[in-house]
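> Quick one: structure below, then a few questions.
Protein chains: 4
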Amino acid sequence: MTLSDDVLGRARVVDTDDLKAYYAKLGKFQAGALWTVANDIEPWYPQPKSVPTLWSYRELRPLVLEALGLVSGDDAGRRVVMLVNPGRKDISASVGLLYSGLQVMGPGESMTAHRHQAAALRFVLEGQGAWTVVDGQKLKVGPRDFAITPNWTWHEHGNEGSDEPVIWQDGLDIPLVNAHDAGFYEVHPDLYQKQGEVVNSSLLTYGHGQLRPYGYEAWDKRYSPLFAYPWERTYQALLDVAAASDGSPYDGIILEYSNPLTGGSVMPTMSAHLQMLRPGEATKAHRHTGSVMYTVAKGSGHSVIAGKRFDWNEGDVFCVPSWAWHEHANGSVTDDAVLFSYNDFPVIRSLAFWREEAYPDNNGHQTVE
Amino acid sequence: MTLSDDVLGRARVVDTDDLKAYYAKLGKFQAGALWTVANDIEPWYPQPKSVPTLWSYRELRPLVLEALGLVSGDDAGRRVVMLVNPGRKDISASVGLLYSGLQVMGPGESMTAHRHQAAALRFVLEGQGAWTVVDGQKLKVGPRDFAITPNWTWHEHGNEGSDEPVIWQDGLDIPLVNAHDAGFYEVHPDLYQKQGEVVNSSLLTYGHGQLRPYGYEAWDKRYSPLFAYPWERTYQALLDVAAASDGSPYDGIILEYSNPLTGGSVMPTMSAHLQMLRPGEATKAHRHTGSVMYTVAKGSGHSVIAGKRFDWNEGDVFCVPSWAWHEHANGSVTDDAVLFSYNDFPVIRSLAFWREEAYPDNNGHQTVE
Amino acid sequence: MTLSDDVLGRARVVDTDDLKAYYAKLGKFQAGALWTVANDIEPWYPQPKSVPTLWSYRELRPLVLEALGLVSGDDAGRRVVMLVNPGRKDISASVGLLYSGLQVMGPGESMTAHRHQAAALRFVLEGQGAWTVVDGQKLKVGPRDFAITPNWTWHEHGNEGSDEPVIWQDGLDIPLVNAHDAGFYEVHPDLYQKQGEVVNSSLLTYGHGQLRPYGYEAWDKRYSPLFAYPWERTYQALLDVAAASDGSPYDGIILEYSNPLTGGSVMPTMSAHLQMLRPGEATKAHRHTGSVMYTVAKGSGHSVIAGKRFDWNEGDVFCVPSWAWHEHANGSVTDDAVLFSYNDFPVIRSLAFWREEAYPDNNGHQTVE
Amino acid sequence: MTLSDDVLGRARVVDTDDLKAYYAKLGKFQAGALWTVANDIEPWYPQPKSVPTLWSYRELRPLVLEALGLVSGDDAGRRVVMLVNPGRKDISASVGLLYSGLQVMGPGESMTAHRHQAAALRFVLEGQGAWTVVDGQKLKVGPRDFAITPNWTWHEHGNEGSDEPVIWQDGLDIPLVNAHDAGFYEVHPDLYQKQGEVVNSSLLTYGHGQLRPYGYEAWDKRYSPLFAYPWERTYQALLDVAAASDGSPYDGIILEYSNPLTGGSVMPTMSAHLQMLRPGEATKAHRHTGSVMYTVAKGSGHSVIAGKRFDWNEGDVFCVPSWAWHEHANGSVTDDAVLFSYNDFPVIRSLAFWREEAYPDNNGHQTVE
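Below, the structure written as structure tokens:
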């Protein structure tokens, strides 16, 4: 948008020598003149430092596997290749205040337990042996399953497979926590938790989200009691919804993983979705506040983000910064494509920062640079 | 409880002739003396007029079917045999302020559409051809499926089977609505609604309760957007929960049909549950405010209510009035038994009237009279 | 409304001898035919048994004072003249499921402490010595002050004046509690409570409702922590609002006593209002579900309820049953008139029964019969 | 806290040449190794860049007044001396993600209207002529009055006094908005708003927070409808609460300015308090997540923040960063002292980041460095 700052209502002071001397005096008392920064700190519209970026799974996978031989889990803490936005290296973010990484665990490995203020989520990319223990509950997760590890829950994980590595994607709100000076961390005093008897107990108890079990009133946490959302059920749900609804013009058939006890987001700081683009589908563009990380769960296609085209295949990860126009297109006319994503929308909505606009021209499709 | 009213703190006035003359004067001005009724209107504990009652399906089924030949659907409005509590004939209630009936529809029949302030729910007992249209959505329901028809939704129903009748149980809050002087009723101007294209659309869209679909923010109703809860999914959920949890000492493995958008009850005035008693299970007794209607969905057994034993089989309906001790026992040591129930707990909780107590003696089991 | 039941969509069965025999058979099994009662239990619109009634303070006051000499507080429990709606003597209600009475206490008297499921509220009519202790908090209240005694709080009260009696109006939801089979009652084991040091402590702590004090997070009750709302502050608030707003076309300048911690009603079952009719003001008529009891706090005027005119003066009490048209008029062209009222709207709204309509004719004014 | 990172559960990788080459390869694909930053981005406890700072009114006031002659309101936009935390010059924050400034307006001046995503609040320090128009409502505010200008409300302000300047303190969440890439800004198309007739209308309508007026259901904003909280009422409330309660061991008698329609914080991103330290009172120390800006409204004393003593007088502003120990002491044994403060607690609580600890030693008092 070509909005000028040289209008009444913006700061238009021309610095003189007297003013500069004045600024120096202010500086001695930990003060400054607002008009020297006002236009920058109150922009006409969002000016994220993050830029649209795609991380190619084909390119990164070998590097991720290479890490297996370079560091041990016990030395690294977690053996993770971080996805760093070129504009946000300063805070190790992937986009906005969200962090993401690809974690690899070799057969038989297990990582020690810890907990921290930052919330985490997992989307499994490959491997059949992945497990995690969250606050004593053991969860076994396979490819395309989604799991959560909320704020301050004890968690450890590993790979109980015997021959293949596990690679999963981590999503955490670490930069958000740090921006708010709220980070805490503890190593589990016993390094590993005692586990409950029943594997995937929350999936058994809460997995049928439209039925709530005895004892739910005792749940006083701000996050979902359901820790795992298997691919099979969510993919079937996409098919069911597609049979009954047209979905979103911007996202195709899209479902949010939700907290069955509240109907809300899985966690207070991050929500996650799974969306299906039908064969040949090309969604219309929109933009909104809030940042999003996408992972290609199935199929191939492309997205246009802020006018730039990004082609993607399974395993690829790409980001959409706040207020960037974006639209998605399935590259196949026979098969569906499915994107997993997570975002900071719960924060944006809590703070009353949400805005959304439909792309106004060209029937909703951006012109690709 | 043997609590005497002849104590300080209760009304203990002995009426004299002067007092009776005084009462007569009060009567002329639409007034009365509180102490003449205080102990009755402020009892030590609830004194429901409803009594524990069992309605035998074996006995009522022939009478229900007989109605097919006695009245037409168009003349009756709805062809229903009401279940009337001996203590509440005055308000046609089954227990407390809840109403229930057994509705029968012959092959090919359909009932006209209407709407009313009272909310309704259905539990199908027999027949494969049952359908209902609720606010334009056609739902096909079979035996043991649960469906809702909330307050003021247009609804009509019928039996599209060709050879067998449909019998389903209706549950409505008609007495509640009338107690609150809030009844409204309208016949659909066209007698029959236009139907949406997709049958059971809400089941497709919302049936996976832990995943919420695009467009949910537009749902502004006080009731669940999911109108049907099929037996297969709910029964499977009972088995899943049983694998991960001990359940309730009073109810075995018990699930509440819930609103996937809020995690709460399906409607503001009635909630409903499905519970499984494992082979040989005999639950402990408790009591609570709130009234409950039970229907035997599967198996056989007995319940002890206020010290009286009621044996039940599939299709039987029985009630538990407010504050009555109750416990349930599965009569089989090999098969599970399943009870459907609905109640007025959402009202009781909204009004802050909820109380609950465990039976204190004999390891939680009442002595049967 | 002249709506006929002889239309398709209503029950129109003509009873034959066969049908009557059938009904007798049903009766043996605690059953009945819905179509024999359907039109009555599902009316076109509310059919309250309550009728608009006015209780004259001029007529009742001598009778209330007479009670002082007829019964002792200890024998009566509470020395109260109940206001009984001619249509609801069966449940001792004043209107709908609301109860009201005029309580009188002589100088130096005190009533023992008890608690019950029913919630109570007080509006003081005369006397300077009134006090009550609610859950240990002593409150001193004077004429036109409003106080609450929520569900299950211990409460006792008395008159510490030396020469004049106290008369106050009680409002309770006793009929509501009984309709829901939820009544409990306890006499205080010590008959009188230990009192906190600070009189009117909640008024000091919470009385400035737009400022919340340290410790508020510990308040976990469903009712307001503010137990007394003095006339002076509420009347001043009416004047302030009148300076900034036109108010309601149906109620003039109207304020609801609210819970400062939630902004909602003072209690889950009853809310209360104070409204001012400006000099010469005659409001438009409307109707709504929910029942209301009005008390004239100041001035004189009249109301038209369901087409009938009721003239009122200070101290008079009158009721508006559910769905009855009503409008109010100040009889003075120089002075304002103020009405106190309480109602069951929180229940009606919780149960999603609320409806409201403006009177459509004659510029909003009913024709008086 | 002396917690070492050289333990199992933290990242303890020693970089070799091979690893450095690996890191370089990762960098080519916008990736990095988590273990190289893990201990920094997941600290044991919060590591704010902000430092405890005091801005002296005596020192800054002349500089603030000097600005009157250096820039015009129309050129500056707003003529404000910002209070900049030495550790956060990068984002122009006073502490954490909160901004503050001292704004000065000469007699007769007025600033143009604009709106922005950032929320603002005002605490008036001096001058009788201050006014602001927020979404059309004109508010006149005097010394120690608190006012809000929520997210996206149109606002302009000025000084209608004839001889003295107005100096007020601005508090905004600008750094928070920018951290979340959510900033929007608009200049009012007419530069100045049309004003409603009644000055301070929201104070008249909502100022008695325990009474809610007709029309409240229409209020659908996330912020308080009450835009001004005058000193007199709030100070009287402090005295009232002090008469009935001991207050907080950490804050003395403390009240939160609240939203009368919800009982919650005035805005979704910032809350504000007024607290009174009684003569001779020295509070105990505690620490919590969340950042706070304090302004001395009345009296003098000192605070100990992270072991450092800060003496303060009226008009001084000081900050407490997240997780810093802090305690306050009134310097007078005869007069009370009053502190105004605002903070980001609503954000911290929304994101489930809240923590709090009492200082464990020395009876709750830090040792001053």
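Residue numbers (the working numbering), protein chains in the order written: chain A, 1454 to 1822; chain B, 1454 to 1822; chain C, 1454 to 1822; chain D, 1454 to 1822.
Heads up, the beta-carbon is just placed ideally off N, CA and C, and yes, glycines get one too.
Computed from a predicted structure; not experimentally measured.
#1: Starting from Ile1601 of chain D, trace the beta strand (DSSP E) both ways and give me its first and last residue.
#2: For Asp1623 of chain D, which of helix, strand or coil comes out of DSSP?
#3: Quick check: is the beta carbon of Gly1662 of chain A nearer than 8 angstroms to any beta carbon in chain B?
#4: Counting only the same chain and skipping the five closest in sequence on each side, list residues whose C-beta sits under 8 angstroms from that of Tyr1638 of chain D.
#5: List, in order along the chain, the chain C residues whose C-beta lies closer than 7 angstroms to that of Lys1647 of chain B?
#6: If distances are taken between C-alpha atoms only, which option among A:Gly1549, A:Arg1541 and A:Gly1668 comes closest to Pro1774 of chain A?
#7: In angstroms with no decimal places, state the Cα-to-Cα distance between Leu1644 of chain C and Pro1721 of chain C.
#8: Helix, strand or coil: how does DSSP classify Phe1637 of chain A here?
#9: Does the beta carbon of Tyr1812 of chain C come closer than 8 angstroms to any beta carbon on chain B?
#10: Mind checking who His1818 of chain A pairs with in its DSSP beta bridge?
#11: Here's a check: name, in chain order, each residue in its chain whose Cβ is nearer than 6 angstroms to the Cβ of His1610 of chain D, leaving out the five neighbours to either side.
#12: How big is the Cα-Cα spacing for Trp1508 of chain C and Glu1709 of chain C?
#13: Measuring CB to CB, does Ser1402 of chain B end up less than 8 angstroms from Leu1536 of chain B?
#14: Would you please state the rounded distance, in angstroms, between the beta carbons of Arg1731 of chain B and Ala1695 of chain B? I believe it to be under 8 angstroms.
#15: Less than 8 angstroms between the C-beta atoms of Ile1801 of chain C and Ala1635 of chain B, yes or no?
#16: List the residues of chain B that Arg1465 of chain C touches, going by C-beta distances under 9 angstroms, in chain order.
#17: Could you tell me whether any Cβ in chain C is nearer than 8 angstroms to the Cβ of Asp1588 of chain D?
#18: If we cut at 8 angstroms on Cβ distances, does Met1454 of chain B have a partner in chain C?
#19: Whose C-alpha, out of C:Arg1531, C:Leu1656 and C:Val1652, is nearest the C-alpha of Phe1599 of chain C?
#20: Where does Trp1778 of chain B fall in DSSP's three states?
#21: Does Asp1550 of chain D come within less than 8 angstroms of chain A when only Cβ atoms are used?
#22: For Thr1736 of chain C, would you say it is in contact with chain D, using Cβ-to-Cβ distances shorter than 8 angstroms as the test?
#23: Here's the rule: buried if 16 or more other CB atoms are within 10 angstroms of the residue's CB, otherwise exposed. What is Leu1461 of chain A?
#24: According to DSSP, what are the bridge partners of Arg1740 of chain D?
#25: Put Gln1483 of chain C into one of helix, strand or coil per three-state DSSP.
#26: Please return the same chain residues whose Cβ sits closer than 8 angstroms to the Cβ of Lys1761 of chain A, not counting the five positions on each side in sequence.
#27: Can you name the residues of chain A whose CB is closer than 7 angstroms to the CB of Leu1714 of chain D?
#28: Under 7 angstroms between beta-carbons, which chain B residues line up against Trp1778 of chain C? List them in chain order, please.
#29: Taking the straight line between their C-alpha atoms, what separation do you get for Arg1541 of chain D and Leu1456 of chain A?
#30: Can you give the Cα-Cα distance for Val1749 of chain B and Glu1809 of chain C, rounded to whole angstroms?
#31: Is the distance from the Cβ of Tyr1812 of chain B to the Cβ of Leu1574 of chain B below 8 angstroms?
#32: With burial defined as no fewer than 16 other Cβ atoms inside 10 Å of the residue's Cβ, what is the status of Asp1471 of chain A: buried or exposed?
#33: If you draw a straight line from the C-alpha of His1641 of chain A to the C-alpha of Gly1700 of chain A, how long is it?
#34: Can you tell me which of the three DSSP states Met1454 of chain A falls into?
#35: Can you give me the C-alpha to C-alpha distance between Lys1481 of chain A and Val1517 of chain D, rounded to a whole angstrom?
#36: Spell out whether any CB of chain D is found under 8 angstroms from the CB atom of Ala1632 of chain A.
If we stick to the structure as given:
#1: For the purposes of this step, residue 1601 of chain D is identified with residue 148 of the fourth sequence, where counting begins at 1. Ile1601 of chain D -> beta strand (DSSP E) spans Phe1599 to Thr1602.
#2: Along the fourth sequence, one-based indexing puts residue 1623 of chain D at 170. Correct three-state label for Asp1623 of chain D: strand.
#3: Along the first sequence, one-based indexing puts residue 1662 of chain A at 209. Contact of Gly1662 of chain A with chain B is assigned, a C-beta pair being separated by under 8 angstroms.
#4: To locate residue 1638 of chain D, count along the fourth sequence from 1; it is residue 185. Closer than 8 angstroms at the Cβ level, and outside the excluded window around Tyr1638 of chain D, lie His1567, Arg1568, His1569 and Gln1570.
#5: Counted from its first residue, the second sequence places residue 1647 of chain B at position 194. Think of a sphere of 7 angstroms around the beta carbon of Lys1647 of chain B: no beta carbon from chain C falls inside it, the nearest being about 17 angstroms out.
#6: Against the first sequence, residue 1774 of chain A aligns to sequence position 321. Ranking the options by Cα distance to Pro1774 of chain A, first place goes to A:Gly1549.
#7: As a first step, residue 1644 of chain C must be located in the third sequence, where it is residue number 191. As a first step, residue 1721 of chain C must be located in the third sequence, where it is residue number 268. Spanning the two alpha carbons is a distance of roughly 27 angstroms.
#8: In the first sequence, counting from the first residue as 1, residue 1637 of chain A sits at position 184. Phe1637 of chain A: coil per DSSP, three-state reduction.
#9: Stepping through the third sequence from its first residue, residue 1812 of chain C is reached at position 359. No, Tyr1812 of chain C lies away from the interface with chain B (no Cβ there is under 8 angstroms from its Cβ).
#10: The residue you call residue 1818 of chain A lines up with position 365 of the first sequence. In the DSSP assignment, no residue is bridged to His1818 of chain A.
#11: The sequence position of residue 1610 of chain D within the fourth sequence is 157, counting from 1. Excluding positions up to five away in sequence, the list reads Met1564 and Thr1585.
#12: Locating residue 1508 of chain C in the third sequence gives position 55, where the first residue counts as 1. Locating residue 1709 of chain C in the third sequence gives position 256, where the first residue counts as 1. If I take the Cα positions, the gap works out to 23 angstroms.
#13: Since the first residue shown for chain B is 1454 and the last is 1822, residue 1402 of chain B is missing from the structure and cannot be characterised.
#14: As a first step, residue 1731 of chain B is located in the second sequence; it is residue number 278 there, counting from the start. As a first step, residue 1695 of chain B is located in the second sequence; it is residue number 242 there, counting from the start. About 7 angstroms separates the Cβ atoms of Arg1731 of chain B and Ala1695 of chain B, confirming a contact at the 8 angstroms cut-off.
#15: For the purposes of this step, residue 1801 of chain C is identified with residue 348 of the third sequence, where counting begins at 1. For the purposes of this step, residue 1635 of chain B is identified with residue 182 of the second sequence, where counting begins at 1. Between Ile1801 of chain C and Ala1635 of chain B, the gap from beta carbon to beta carbon is short of 8 angstroms.
#16: The count along the third sequence starts at 1 and reaches residue 1465 of chain C at position 12. Residues of chain B passing the Cβ test: Asp1527, Asp1528, Ala1529 and Gly1530.
#17: Taking the first residue of the fourth sequence as position 1, residue 1588 of chain D is located at position 135. No, because no Cβ of chain C sits closer than 8 angstroms to the Cβ of Asp1588 of chain D.
#18: As a first step, residue 1454 of chain B is located in the second sequence; it is residue number 1 there, counting from the start. In this prediction, Met1454 of chain B scores a pLDDT of 46, lower than 50, which makes its location untrustworthy; the coordinate-derived value is nonetheless stated afterwards. Judged by the 8 angstroms Cβ criterion, Met1454 of chain B is not in contact with chain C.
#19: Along the third sequence, read from residue 1 onward, the residue named residue 1599 of chain C stands at position 146. In this structure, C:Leu1656 is the residue among C:Arg1531, C:Leu1656 and C:Val1652 with its C-alpha nearest to the C-alpha of Phe1599 of chain C.
#20: Position 325 of the second sequence, counting from 1, holds the residue named residue 1778 of chain B. Assigned with DSSP and collapsed to three states, Trp1778 of chain B falls in coil, not helix or strand.
#21: Within the fourth sequence, residue 1550 of chain D is the residue found at index 97, counting from 1. Before going on, a small fix: residue 1550 of chain D reads as Leu here, not Asp. Residue-level contact check: Leu1550 of chain D touches chain A, since one or more beta carbons of chain A fall below 8 angstroms from its beta carbon.
#22: Position 283 of the third sequence, counted from the first residue, corresponds to residue 1736 of chain C. Taking 8 angstroms as the CB threshold, Thr1736 of chain C stays off the interface with chain D.
#23: Against the first sequence, residue 1461 of chain A aligns to sequence position 8. Exposed: under 16 other Cβ atoms inside 10 Å.
#24: For the purposes of this step, residue 1740 of chain D is taken as residue 287 along the fourth sequence, with counting starting at 1. Residue pairing by DSSP places Arg1740 of chain D opposite D:Glu1810 in a beta bridge.
#25: Along the third sequence, read from residue 1 onward, the residue named residue 1483 of chain C stands at position 30. Correct three-state label for Gln1483 of chain C: coil.
#26: Looking up residue 1761 of chain A in the first sequence gives position 308. Only residues of its own chain outside the window of five on either side were considered, and among them Pro1505, Val1821 and Glu1822 have a CB closer than 8 angstroms to the CB of Lys1761 of chain A, listed in chain order.
#27: For the purposes of this step, residue 1714 of chain D is taken as the residue at position 261 of the fourth sequence. Annotation: Leu1714 of chain D has no Cβ neighbours in chain A at a cutoff of 7 angstroms; minimum Cβ distance is about 15 angstroms.
#28: Position 325 of the third sequence, counted from the first residue, corresponds to residue 1778 of chain C. Result: empty, since nearest Cβ-Cβ is about 14 angstroms, beyond 7 angstroms.
#29: Here the question's residue 1541 of chain D lines up with position 88 in the fourth sequence. Here the question's residue 1456 of chain A lines up with position 3 in the first sequence. Going from the Cα of Arg1541 of chain D to the Cα of Leu1456 of chain A covers about 28 angstroms.
#30: For this step, residue 1749 of chain B is matched to residue 296 along the second sequence. For this step, residue 1809 of chain C is matched to residue 356 along the third sequence. Answer to the nearest angstrom: the Cα atoms are 41 angstroms apart.
#31: In the second sequence, residue 1812 of chain B corresponds to position 359, counting from 1. In the second sequence, residue 1574 of chain B corresponds to position 121, counting from 1. Going by C-beta atoms, Tyr1812 of chain B is not nearer than 8 angstroms to Leu1574 of chain B.
#32: Along the first sequence, one-based indexing puts residue 1471 of chain A at 18. Exposed, by the Cβ-count rule.
#33: Numbered from its first residue, the first sequence carries residue 1641 of chain A at position 188. Numbered from its first residue, the first sequence carries residue 1700 of chain A at position 247. Counting only the Cα atoms, Gly1700 of chain A lies some 44 angstroms from His1641 of chain A.
#34: On the first sequence, residue 1454 of chain A is found 1 positions in, with the first residue counted as 1. Confidence is the limiting factor: at Met1454 of chain A the pLDDT is only 46, short of 50, which leaves the residue's position unreliable and the question unanswerable from this model.
#35: Position 28 of the first sequence, counting from 1, holds the residue named residue 1481 of chain A. Position 64 of the fourth sequence, counting from 1, holds the residue named residue 1517 of chain D. Going by the C-alpha atoms only, they are around 14 angstroms apart.
#36: Reading the first sequence from its first residue, position 179 is the one you call residue 1632 of chain A. So, interface residue.
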